[in-house]
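Structure, as structure tokens:
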Ligand code: SF4
Ligand code: SF4
Ligand code: SF4
Ligand code: SF4
Ligand code: FES
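Residue numbers (the numbering used here), protein chains in the order written: chain A, 1 to 817; chain B, 1 to 177.
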């Protein structure tokens with residue numbers, strides 16, 4: 001549904017004439033006139049108001065009884081009073097009633113000092129209670145999950161947490177049991193509330209009933225400082241606020257940004273902060289010395305790195321991981337390209353695309369934004385599992401479907417958690433994205449699709465259903481596509497097919513519709529724009545052709561690239577084709593890596609390791625996938641004499657004879673802006689706390705012209721036919737990350753390798769749920785999942801103990817271990 | 001230059017002019033008047049208190065060095081580590097880091113306890129706000145005022161120091177004294 005057009009109306013509150021958009025709830029409209037109406041249960045982010053707590057009672061002229069301000073939309077000419085005796089008496093009584101069963105154990109309650117119940121009792125309460133009866137008692141505190149503690153005595157039954165679980169994250173786990181004053185919040189059968197977004201209920205609870213286990217008793221509001229930044233763990237780039245005490249991050253809160261995260265966070269973003277302060281974290285540079293990595297001084301590490309790079313001039317391969325900032329990416333490509341004269345830099349796992357395709361896929365004219373997902377007529381989720389790849393967008397899609405009746409189509413290989421919300425679902429064979437998109441294109445055009453659908457391993461009817469839904473929904477169609485689609489050797493053809501679908505669905509590009517990529521790395525878009533791509537320099541300009549990531553691996557394995565530079569990525573963990581990488585790392589004489597943890601590749605092969613700053617210690621900019629430049633701000637200091645990573649990169653350049661004259665992070669940013677024409681004129685102050693979408697500015701005209709899709713598509717590569725074996729698909733769970741394994745609170749979620757199988761396949765192979773199996777030699781636990789397409793097995797990426805990247809064949813045999 | 005008070009002053013009192021009988025009176029008369037008080041006190045003997053051998057007793061509500069208290073029956077600490085004292089303190093000299101009681105390791109009566117409780121006495125202004133803020137009467141200001149030390153860091157009193165009785169008790173002023 002397109003965004004509603006709201007009229008402005010005038011109403012009067014406490015004698016003031018206030019203008020507000022029609023239909024706004026009174027409590028929100030009152031704020032426009034600087035009148036505060038206290039609320040507990042009202043939270044617009046949760047959807048329609050429920051009017052559960054009655055704290056917001058107001059008097060409206062012409063209505064004899066007091067009305068709930070949170071559930072009464074304002075109307076033209078309404079006369080509202082919030083300061084009459086009647087209202088005050090009601091407010092007093094509501095507070096008194098809320099406290100009938102409330103233990104008032106503020107001194108031991110974690111919410112103390114930042115508690116709406118304290119504030120409202122102080123501001124709108126009677127000051128004393130007449131209730132002498134005993135209060136209800138529950139066992140407390142209990143663990144609702146390993147991350148959340150629940151104290152049922154403190155609950156004021158506002159329903160916020162339950163509504164979140166039922167209507168926002170739609171995990172349907174939290175419920176209110178019993179009736180009346182006996183009600184309590186629980187999961188259906190006492191099972192722990194483990195869900196990807198569970199932490200949000202901690203922030204939602206207006207009392208101390210739901211508190212964070214890792215933050216429990218760590219600090220009071222007056223002990224801490226809040227410091228805004230941006231989460232760099234996934235492409236969602238949620239706006240966060242770090243709670244800092246004694247130079248340690250103790251908590252992460254959401255910093256509501258409607259156009260980025262809608263005020264929610266996933267549990268990884270919320271709890272992985274713990275990994276910033278664990279002992280395993282690398283805090284000092286290391287050099288391999290006699291076969292073992294040893295901590296050394298900065299001087300020595302920089303000297304060794306500079307010398308080794310200097311020796312390998314012209315033959316250095318560099319790969320930047322997704323959490324790299326624009327500044328670091330810019331300096332890396334500058335170091336490798338200009339100082340070392342080697343064109344081999346990349347930031348994508350595989351599948352090099354020409355400038356024209358990059359330009360067309362992210363063209364400002366067809367760039368959909370995050371809020372567009374919520375207001376489109378139809379949304380197609382293509383080859384991405386949002387809850388794993390960009391969790392926060394999953395909530396946005398659900399919101400659009402639930403509240404704005406957006407029509408959702410899902411087309412993935414692996415069953416998606418959004419299937420239940422979708423009007424049309426299509427499955428295709430893993431790796432056959434190109435064929436599927438070609439089939440979809442043909443279906444939208446009305447051509448026969450039999451052959452194409454077969455090549456994609458998809459059912460013809462499903463493809464047609466998706467095509468019909470998209471074609472008939474309306475003019476605003478947003479395609480949310482996963483970067484995975486353009487990985488692999490047929491990347492170019494897949495991108496062209498996607499562009500063709502896009503131009504068929506949106507023949508006249510207009511705001512509110514278009515393409516929205518779900519990249520594989522948190523700052524993938526920024527890295528592309530600052531030139532961390534083979535053959536593409538800053539600002540998507542031509543550069544000397546170089547090798548892409550698989551090319552670098554192959555060249556290094558053949559001994560052609562003696563030096564490798566990894567910024568925030570461990571190829572053995574993050575990149576496909578493990579065998580080649582193993583040989584490459586073994587063969588290279590110099591492996592320089594920036595990392596936070598000694599993961600396998602670093603532990604075994606790195607010759608120089610520089611510590612990655614904790615996200616909260618980082619200063620830099622990121623570019624969101626919809627083109628929003630955002631700023632990471634430093635919240636804590638660097639431990640010891642640690643340096644920023646941009647300083648390391650600048651220092652290496654300097655030692656290699658290319659002094660860039662960089663002394664502060666903003667100076668690096670200034671150089672980035674100078675080299676990227678479409679960022680022109682955006683200062684750090686402009687970015688500020690909410691970011692700037694560069695595609696919406698005039699300088700966006702400097703974006704290069706996109707390659708228009710070819711008229712006809714060539715025949716796509718067909719998915720391998722199973723032929724007795726199973727097709728192997730991979731996915732990367734939101735929890736498969738070193739910072740999850742390192743966070744004491746999140747550790748329990750760190751995934752183990754599992755093989756997702758269709759029950760029918762499992763029956764054929766005689767494998768039961770939970771049995772140990774070998775998938776092409778990789779050990780895993782069988783996980784039977786209905787909905788998994790027959791003939792396919794899915795493995796998880798990014799698991800060190802059982803790496804899915806060891807399998808390079810599209811087919812594998814599954815045997816009992 | 002003589003000072004001229006202006007027209008709106010009704011009357012100016014001036015001492016006798018120097019020289020003459022007025023001068024003589026000022027040199028001897030006033031001095032003798034003062035000495036009269038001095039000589040009148042001689043029979044009372046010296047009243048100097050020989051600190052530190054001898055200590056001035058303090059009033060019951062004198063605010064000296066803090067004490068943290070335990071419950072007499074259970075021996076558990078009264079402080080639950082709520083940090084309210086730290087919030088009330090105008091000189092920001094209290095630092096509380098709380099932790100959770102476990103059945104095996106129970107320190108206070110509530111859910112939480114103060115794992116770290118420090119008062120920087122070199123900053124404290126002995127206002128007693130912490131005592132007023134404490135919901136459990138866990139902290140009170142005692143009577144000791146002898147806290148000087150050789151190192152500033154020794155003036156940061158830890159929880160253990162605050163929980164123990166002071167070595168020497170400061171005498172309390174008796175009723176009517
Ligand atoms: S636990 Fe908190 S959010 Fe949930 S109903 Fe109770 S008071 Fe509301
Ligand atoms: S959704 Fe992504 S960006 Fe948002 S908090 Fe989670 S990891 Fe961070
Ligand atoms: S007496 Fe006053 S200044 Fe001293 S610790 Fe207590 S509140 Fe702070
Ligand atoms: S002394 Fe009292 S106010 Fe201070 S932390 Fe302990 S219980 Fe709270
Ligand atoms: S805020 Fe209106 S009823 Fe709860």
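Beta carbons: idealized from backbone N, C-alpha and C, even for Gly.
- Across the structure, residue 142 of chain A and residue 110 of chain A are spaced so that their CA atoms are roughly 14 Å apart.
- The beta carbons of residue 129 of chain A and residue 171 of chain A sit no closer together than 9 Å.
- Among the CB atoms of chain A, one or more fall inside 9 Å of the CB of residue 111 of chain B.
- In this chain, the beta strand (DSSP E) harbouring residue 286 of chain A covers 286 to 289.
- About 6 Å separates the beta carbons of residue 609 of chain A and residue 602 of chain A, which is inside the 8 Å limit, making them a contact pair.
- In this structure residue 589 of chain A is exposed. Its beta-carbon is surrounded by fewer than 16 other beta-carbon atoms within 10 angstroms.
- For the region 104 to 117 of chain A, residues whose beta-carbon sits nearer than 8 Å to a beta-carbon of chain B comprise 105, 106, 107, 108, 112, 113.
- By the criterion of at least three beta-carbon pairs nearer than 8 Å, the region 349 to 363 of chain A is in contact with the region 477 to 497 of chain A.
- Between residue 658 of chain A and residue 338 of chain A a beta carbon distance of about 7 Å is seen, short of the 8 Å cut, so the two are scored as contacting.
- Between residue 441 of chain A and residue 484 of chain A, the CB-CB gap reaches or exceeds 9 Å.
- Not one heavy atom of ligand 3 falls within 8 Å of the beta-carbon of residue 193 of chain A.
- Chain A places no beta carbon closer than 9 Å to that of residue 142 of chain B, leaving this residue out of the contacts.
- Interface residue (Cβ-Cβ distance to chain A less than 9 Å): residue 71 of chain B is not classified as such.
- In the three-state DSSP reduction, residue 382 of chain A falls in the strand class (E or B).
- Ranking A/187, A/149, A/182, A/799 by CA distance to the CA of residue 162 of chain A puts A/187 first.
- In the DSSP assignment, residue 358 of chain A falls within the unbroken alpha helix (DSSP H) covering 355 to 361.
- Any Cβ of chain A closer than 9 Å to the Cβ of residue 84 of chain B would place that residue at the interface, and such an atom is present.
- Residue 84 of chain B has its Cβ nearer than 8 Å to a heavy atom of ligand 4.
- Secondary structure remark: continuous beta strand (DSSP E) runs of at least 3 residues inside the region 603 to 656 of chain A, in chain order: 608 to 611, 620 to 623, 628 to 632.
- Chain A places a beta carbon closer than 9 Å to that of residue 100 of chain B, counting this residue as a contact.
- Contact between residue 727 of chain A and residue 796 of chain A is ruled out by a C-beta separation of about 16 Å, above the 8 Å threshold.
- Around residue 141 of chain A, the beta-carbon contacts reaching into chain B at under 8 Å are 111.
- Around the Cβ of residue 257 of chain A, a 10 Å sphere holds 16 or more other Cβ atoms; the residue is buried.
- Of B/148, B/156, B/131, B/30, the smallest CA-CA separation from residue 117 of chain B is found for B/156.
- By the 16-neighbour rule on beta-carbons within 10 angstroms, residue 84 of chain A is exposed.
- Counting only Cβ-Cβ distances below 7 Å, residue 135 of chain B has contacts in chain A at 107, in chain order.
- Bounds of the alpha helix (DSSP H) holding residue 37 of chain B are 30 to 41.
- In chain order, 82, 83, 84, 86, 87, 96, 98 make up the part of chain B whose C-beta sits under 9 Å from the C-beta of residue 220 of chain A.
- Residue 479 of chain A is positioned such that its CB atom lies closer than 9 Å to that of residue 516 of chain A.
- Less than 9 Å separates the beta-carbon of residue 564 of chain A from that of residue 319 of chain A.
- In the DSSP assignment, residue 200 of chain A falls within the unbroken alpha helix (DSSP H) covering 200 to 204.
- The closest heavy atom of ligand 5 lies less than 8 Å from the beta carbon of residue 69 of chain A.
- Residue pairing by DSSP places residue 800 of chain A opposite no residue, since no beta bridge is assigned to it.
- In the three-state scheme derived from DSSP, where H, G and I count as helix and E and B as strand, residue 215 of chain A is classed as coil.
- Per the coordinates, the alpha-carbon of residue 137 of chain A lies some 42 Å from the alpha-carbon of residue 234 of chain A.
- Residue 232 of chain A: not part of any alpha helix (DSSP H); DSSP gives it neither H nor E.
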